[in-house]
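Student: Remember, the working numbering sits 835 above the position in the sequence shown when you count from 1. Ideal Cβ positions, reconstructed from N, Cα and C, are used throughout, including at glycine.
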Amino acid sequence: MKRLLVALGIALGSVCAVRTADAEVTGSWLYDAAAKTISDGNWTLNVQVNDTPNKLLKVGTSAGSDAVENAYVAGEGILDLTKPVLTADGVQWFVAAIADGAFKQCSHVTDIRLGGPKLASIGGQAFYTCANVTNLELSAENMTTLSWSAFANLGTAGTSCVTVKRIFLPKITEVNYGPFANVAHQYEGNGTLSRGEDVYMPLLSTISGAAFQGQWTPTRVYSWKGPMRFPSAKTVAASFANLQGLDVLEVGRGDLKSVAEQAFNLVRGDSIILGCGTNRLDLAKQLFRYSD
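Laid out in structure tokens, this is it:
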């Protein structure tokens, strides 16, 4: 009876029927191939078939980043795309990609949880300016593509900071412009950030412009705290400017060859480790301009 209630709820467009039924018990998404949606009892999202033989889905439409919230149909609160996706007869599908602009400017999401064995790519501006986000966790062992401004401007609406529990991307070798720029944190009166993060990308060799850059005013800081580790980095653009209260930033372990002008402009923190080994590292003009 419980499975029948879920199926009827999706068919009739009713969120209430599924909110307390099968999705909460199993912790899964229900894939409706006819409607081209997935639902977990709270959220309903547009999806595309990415690969039929391997049962892979892309969250969002093909409208691109100009169509804001193109994945969104209904829902609010915690968005957990790490959960399995099942059809009504129990066949498992997988979220393999998130489309450009899928949740761009989505005010309904407050907590983003991404990962799983098949997640390979996150599109441009996928979560751009999700202003009410207070938590982010991204751990995807097989992701190879992280596109421009994917998570830029998270949490800019409220007074709370964004708690980044973990970012672990072991197969990413390069990122496009500004994927984590201006993630909002509240700067407390004692001069320290109120949350920490663990950012680890062991194979990232090219760190793009504004990748983790911050922004600050006298009352609000958009920054990262750390630790942040990129042991394979070889080329660094102006990636880390304006970070305030940084704990540890490790860039390279022997192969660092190029660091752009003002890469660490206005950085204030405890430890920046540049691992150039025996390479001749041409430190660009004003590399640590105004940094502590």
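Which of helix, strand or coil does DSSP assign to F929?
Tutor: Within the sequence shown, residue 929 is the residue found at index 94, counting from 1. Strand at F929.
Student: Excluding the five sequence neighbours on either side, which residues of its own chain have a C-beta within less than 7 Å of the C-beta of L989, listed in chain order?
Tutor: Translated into the one-based positions of the sequence shown, residue 989 becomes position 154. The residues are F962, C965, V968, L971, V997, V1018, A1019.
Student: Whose C-beta lies closer than 7 Å to the C-beta of F1003 among residues of the same chain, with five residues either side of it excluded?
Tutor: For this step, residue 1003 is matched to residue 168 along the sequence shown. Same-chain partners within the cutoff: S974, Y1035.
Student: Report yes or no: is there a C-beta of chain D within less than 7 Å of the C-beta of W864?
Tutor: Given the protein chain composition of this structure (a single chain), no chain D is represented.
Student: Output the distance between the C-alpha atoms of A931 and S874, rounded to the nearest integer angstrom.
Tutor: Position 96 of the sequence shown, counting from 1, holds the residue named residue 931. Position 39 of the sequence shown, counting from 1, holds the residue named residue 874. Rounded to the nearest angstrom, the two C-alpha atoms are 16 Å apart.
Student: Please check the pair S1093 and V1071, which I expect to be a contact at CB under 8 Å, by giving their CB distance rounded to whole angstroms.
Tutor: Looking up residue 1093 in the sequence shown gives position 258. Looking up residue 1071 in the sequence shown gives position 236. With a Cβ gap of about 7 Å, S1093 and V1071 count as contacting.
Student: How is the beta strand (DSSP E) around W864 delimited, first residue to last?
Tutor: The residue labelled residue 864 in the question sits at position 29 within the sequence shown. First-last of the beta strand (DSSP E) with W864: 864–867.
Student: What number of angstroms, rounded off, separates the C-alpha of T979 from the C-alpha of I1007?
Tutor: Along the sequence shown, one-based indexing puts residue 979 at 144. Along the sequence shown, one-based indexing puts residue 1007 at 172. Each residue's alpha carbon lies about 5 Å from the other.
Student: Is F1003 helix, strand or coil when you go by DSSP?
Tutor: Position 168 of the sequence shown, counted from the first residue, corresponds to residue 1003. Reduced to three states, the DSSP call for F1003 is strand.
Student: If you run the structure through DSSP and keep just helix, strand and coil, what is R948?
Tutor: On the sequence shown, residue 948 is found 113 positions in, with the first residue counted as 1. Here R948 sits in strand by DSSP.
Student: Quick check on this structure: which residue in Y866, G876, I957 has the alpha carbon closest to the alpha carbon of I913?
Tutor: Your numbering for residue 913 matches position 78 in the sequence shown. The option with the nearest alpha carbon to I913 is G876.
Student: Using the C-alpha atoms, what's the distance from S897 back to L916?
Tutor: Your numbering for residue 916 matches position 81 in the sequence shown. Your numbering for residue 897 matches position 62 in the sequence shown. Going from the Cα of L916 to the Cα of S897 covers about 19 Å.
Student: Thinking C-alpha only, which one of D901, T887, G951 is nearest S863?
Tutor: Position 28 of the sequence shown holds residue 863. Selected option, being the one with the closest Cα: G951.
Student: Assign V1155 to one of two classes, buried (16 or more other C-beta atoms within 10 Å of its C-beta) or exposed (fewer than that).
Tutor: In the structure displayed, the chain extends from 836 to 1127; residue 1155 sits before or after that span and is not available.
Student: Please say whether S1074 and I1042 have beta carbons closer to each other than 7 Å?
Tutor: The residue given as residue 1042 occupies position 207 in the sequence shown. The residue given as residue 1074 occupies position 239 in the sequence shown. Cβ atoms of I1042 and S1074: closer than 7 Å.
Student: So V882 packs on I933, CB below 8 Å; how close in whole Å?
Tutor: By one-based count along the sequence shown, residue 882 stands at place 47. By one-based count along the sequence shown, residue 933 stands at place 98. Between I933 and V882 the Cβ distance is about 10 Å, and since that is not below 8 Å, they are no contact.
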